[in-house]
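Below is one structure, written out as structure tokens, with a few remarks after it.
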Amino acid sequence: MNFPTTRMRRLRQNPQIRDMVRETKLNPEDLIYPIFIKEGLKNGEKEAIATMPDEYRYSIDDAVSYVKKLENKGLTSIIIFGIPLNHKKDNIGSPAFDEDGIVQKAIKKMKEETNLVIISDVCLCQYTDHGHCGIIKEMDNINDSSESLEVLNDETLDYLAKVALSHANAGADIVAPSDMMDGRVATIRKTLDKNGYENVLIMSYSAKYASTFYTPFREAACSTPSSGDRKSYQMDPANSIEAIREAELDVFEGADILLIKPALAYLDIIKSLHDNFNLPIAAYNVSGEYSMIKAGINSGYLVEEAIMESLLSIKRSGANLILTHFAPYVLDKL
Ligand code: PBG
Ligand code: ZN
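Printed below as a string of structure tokens:
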């Protein structure tokens, strides 16, 4: 049927009809709020994050009271990022699997005080003195242009499993490995099951790209690598077929939820994993996406509606869950 019989604008003629036929909607339970918790901070002394307007590093107690308010507005889940005392960092990231570490203590408290689904980020980079996501081997710099350190894959797996287990011991509902080592989902699944945590879920960062959109996060979490970059373990932004291979392996190894990161510059990857796999899909609206839109709004180049529009695009692409620093804003709008 053609115009004038068919008129697309009939479906857009007033707000009620537009509401009725809207294909994509954001719900509070779609949102996962990332929160930074820093060891050694006094209560009441949250630290502003210079690269992320309106986001803070919190003490455990302050973080708990903040997310309780969000829970009352409908939030169902948070993901915790820990920042340990600087002098505790070492070359194997020991504070990451300390049963008394900042994340472990935070998880316990969150489970005691809230009904939120608690997700923990499993990685070493905030906890190693070199800032890499795994165990490293320094190499002799024979010709200066070559890479001077290697991030060891298999050696790192045991450490990641220790981190995940310590989070499960503390009460985490979901562990989320973000390191991009090969085989970590299988290793973590095996370790959790052996210790009676067969119901702890794994949300795997299946397609995590070596992205410059993480720049504000690295200042927030003090996790910038002291030398080199993450290109030997995170994915090349030019690749999409590779994302399918990564996801296939994670599914095979026992992942429960597949995560794509970043989100906005990778909507095609979100759609592709959504179309190719029958698992829940999560997308990480990363720090750079947050700060870019905040900067636009604060400078007057953009308006606030850009937030909802960009989050909707992520959901429309096929994400069931969105990790976003905009969660508090969205909860107020819904
Ligand atoms: C590291 C990690 C990163 C983020 C979460 N975990 C950054 C990185 O790879 O350097 C980025 C999150 C964000 O930018 O919001 N495992
Ligand atoms: Zn890392």
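When we follow my numbering, the leftmost residue of the sequence shown carries the number 44, and every step to the right adds one.
Even glycine gets a Cβ: it sits at the ideal position worked out from N, Cα and C.
Item, Value
"Proximity test, D222 beta-carbon vs ligand 2 heavy atom, cut-off 7 Å", "yes"
"Boundaries of the alpha helix (DSSP H) in which L208 is found, first to last residue", "N196 to A213"
"Rounded C-alpha distance that separates M278 from G339", "28 Å"
"Between the CA atoms of N196 and Y240 - distance to the nearest angstrom", "24 Å"
"Proximity of D172 and K132 at Cβ, strictly below 8 Å", "yes"
"Beta carbon of A399 nearer than 8 Å to that of V194", "What the structure shows of the chain is the stretch from 44 to 377, and residue 399 is not part of that stretch, so it cannot be assessed."
"Supposed contact pair L69 and K358 - C-beta distance, whole angstroms, cut 8 Å", "6 Å"
"Beta carbon of Y248 nearer than 8 Å to that of S221", "yes"
"Own chain residues within Cβ distance below 8 Å of R100, not counting five before or after", "F79, I80, K81, L84, K89, E90, I92, I126 and A263"
"H368 versus R61, N57 and I75, residue with shortest Cα-Cα distance", "I75"
"Bridge-paired residues (DSSP) for A250", "I303"
"Closer than 7 Å: L374 CB and nearest ligand 3 heavy atom", "Absent from the structure shown: ligand 3. Ligands present: ligand 1 and ligand 2."
"Distance cut-off 7 Å: R227 Cβ against heavy atoms of ligand 1", "no"
"Contact test: V329 Cβ vs ligand 1 heavy atom, cutoff 7 Å", "yes"
"Exposure of I284, with buried meaning 16 or more beta-carbon neighbours within 10 Å", "exposed"
"Residues near L354 by beta carbon distance below 8 Å, same chain, minus five either side", "L69, N328, I365, T367, F369 and V373"
"Neighbourhood of K148 by C-beta distance below 7 Å, restricted to the same chain and skipping five residues each side", "I103"
"Assigned secondary structure, K274 (DSSP; H/G/I helix, E/B strand, else coil)", "coil"
"Local conformation of L192 per DSSP, three classes", "strand"
"Whole-angstrom distance between M63 and N57, CA atom to CA atom", "10 Å"
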